[in-house]
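A.B. asks: Quick note: the sequence shown uses my numbering, first residue 79, plus one each step.
Think of the CB as a built atom: it goes at the ideal place given N, C-alpha and C, for glycine as much as any other residue.
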Amino acid sequence: MAAIEVVESELVPPSEPTPRGALWLSNLDLAARNGYTPTVYFFRHPDEQTRSGFFSADVLHAALAAALVPFYPFAGRLAVGRDGRAEIDCNAEGALFVVARSAAALDDFEGFAPSKAMRDMFVPAYEPAGAGTPLLLLQVTFFRCGGVALGTAMHHFVIDGRSAFNFIRTWAGIARGDAGAAVVPSLDRTPLRARPQPTVLFDHTHEYGGGGRRTAAATAEAGGGSKAEYASAILRVTGSQAAALRARAGAVSTFRALVAHVWRCACAARALDPETESRLYTMVDMRARLSPPLPDAFFGNAVARTSTSARVGDLLGNPLGFGARRLRAATGHGDEYARSLVDYLETADLAALPRGGLPGTDLRVISWLGMPSYDADFGWGEPALLAPALMYYTGFVYLLNSPGKEGGVAVAAALEPERMERFKELFFEELAAVV
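1. So the alpha helix (DSSP H) His139 belongs to, where does it begin and stop?
2. Go ahead and pull the three-state DSSP assignment for Pro148.
3. Among Glu496, Pro495, Val489 and Arg111, which has the Cα closest to the Cα of Phe506?
4. Does Ser318 come out as helix, strand or coil in the three-state DSSP assignment?
5. May I ask which residues mark the beginning and end of the alpha helix (DSSP H) holding Cys345?
6. Judging by CA-CA distance, which residue of Gly448, Asn105, Phe474 and Leu509 is the nearest neighbour of Arg273?
7. Start and end of the beta strand (DSSP E) containing Phe505?
8. Tell me whether Ala260 sits in a helix, a strand or coil according to DSSP, three-state version.
9. In three-state terms, what does DSSP make of His284?
10. Assign Gly301 to one of two classes, buried (16 or more other C-beta atoms within 10 Å of its C-beta) or exposed (fewer than that).
11. Put Asn112 into one of helix, strand or coil per three-state DSSP.
12. Within a Cβ cutoff of 6 Å, which residues of the same chain sit near Leu214, ignoring the five residues on either side of it in sequence?
13. Helix, strand or coil: how does DSSP classify Ala388 here?
14. When DSSP labels each residue in this structure, what does Tyr119 get in the three-state scheme?
15. Taking 7 Å as the limit between beta carbons, can you name the residues of its chain near Pro92, skipping five residues before and five after?
16. Going straight from the alpha carbon of Asp125 to that of Thr384, what length do you get?
17. In three-state terms, what does DSSP make of Arg383?
18. Tell me, please, which residues DSSP counts as bridged to Gly224.
19. With DSSP as the reference, label Asp421 as helix, strand or coil.
20. How many angstroms separate the CA atom of Thr96 from the CA atom of Glu353?
21. Relative to the alpha-carbon of Ser87, which residue among Ser331, Arg222, Ala178 and Gln319 has its alpha-carbon at the smallest distance?
22. Quick check on Gly410: buried or exposed, where buried means 16 or more other Cβ atoms within 10 Å of its Cβ?
23. Taking the C-alpha atoms as reference points, what is the distance between Ala309 and Ala322?
24. Would you kindly work out how many angstroms separate the C-alpha atoms of Phe221 and Gly229, rounded to a whole number?
25. For Gly378 and Cys168, I'd like the C-alpha separation in whole angstroms.
26. With a CB to CB cut of under 7 Å and the five nearest residues on each side skipped, what residues in its chain are close to Arg122?
27. With 16 as the cutoff for other CB atoms within 10 Å, does Ser241 come out buried or exposed?
28. Name, in chain order, the residues that DSSP records as bridge partners for Pro466.
29. Can you give me the start and stop residues for the alpha helix (DSSP H) that Asp198 sits inside?
Written as structure tokens, this is what we have:
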């Protein structure tokens, strides 16, 4: 693969003065992964030769500086408050903006799959964030064909998926001169404070405290754990296939139907014993479920981990709707669940929460479905592809909308290298059987 040559690298501060001081981080922020979420967008150069200045670095630079005015926490740095709790020091030091070029062509990445190599190529290098480390890192890479890759890395203590896409939407809108596309972020995280008398009404130990299951490290020692080495793939589901899956699963949502499908295929590909329990972890956006609800433009982490489990024999021996119903029960929580979780985390050691891999029986699914993920037109058209640049370990899965208006879905999955080919076979065989 062609090497990347960095042409320019600089910190971009907000274009106007912004509020200074400490921004409090909620328990949901501090329960997130203490690291960055790397993503990559690919943009094709337009065929019309009259369009000049494609992906002008100057335009992107100026628009970034303007977007950092309302999204000023991204220009700050992580710090430790007097109480020993992590917070954001809103000091306007800026976000990292890198311009690079490559002798490769966009078509060289036709079969793009997330990996460390792709992360290293398209996303600025980063270490665990500490004092002085930017919370937002961006890289624009120009290919020899004229196409462009935009790599992003945002620290997870600062944002969840919806917050990240709202920022990209605002940056892109400013770049193309569409002020109406800007999202005014809601920065007040105090609605997510714990109650004066913490009241835990649900069992959160599976998601945030181990719940008696062996850790990934312990399971790996026994020969069946989640591994850092993985094979990844992005599997495409058409709108008609997604509709057929929904119908087969009992008129459930696309999310529940697809996750149930992925869960079944992963268990079968892994050749798990029918008596084994498989647990599936996912996240629920609590913005609209809280009372009162948080605004859609809430900037921070408003997602709660949840999970469900099933005996492998039951999951594979029953129709698709079995897994979808298990998932519905786990993702139907509302305000009381979120308040219970925040209170549970109030007494937990947030730094010691399990954030690593999974047992080799389990999956973790992150859904970006329904988010404004493709609202990333910087003035030269929507991206041809958006994908995670990296998967963290085996058993990790992303769901995201495909480009266009046809209702397609992309499934980015990481599994044990020896299991991936069988997983893909089962995935598409089952899809073909329902259409």
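C.D. replies: If we stick to the structure as given:
1. Ala135 to Ala145
2. coil
3. Val489
4. helix
5. Thr332 to Ala347
6. Asn105
7. Element bounds for Phe505: not the beta strand (DSSP E) but the alpha helix (DSSP H), Pro495 to Val512.
8. coil
9. helix
10. With a pLDDT of 32 at Gly301, under the threshold of 50, the modelled position of this residue cannot be trusted; read the value that follows with caution. The residue in question, Gly301, is exposed, as its Cβ has fewer than 16 Cβ neighbours within 10 Å.
11. coil
12. Phe152, Ala173 and Met232
13. strand
14. strand
15. Ala143, Leu146, Val147, Tyr150, Ala153 and Ala170
16. 46 Å
17. strand
18. For Gly224, which the question treats as bridged, DSSP gives no partner whatsoever.
19. helix
20. 57 Å
21. Ala178
22. exposed
23. 28 Å
24. 13 Å
25. 14 Å
26. Leu184, Gly225 and Ala462
27. buried
28. Thr117
29. Lys194 to Phe200
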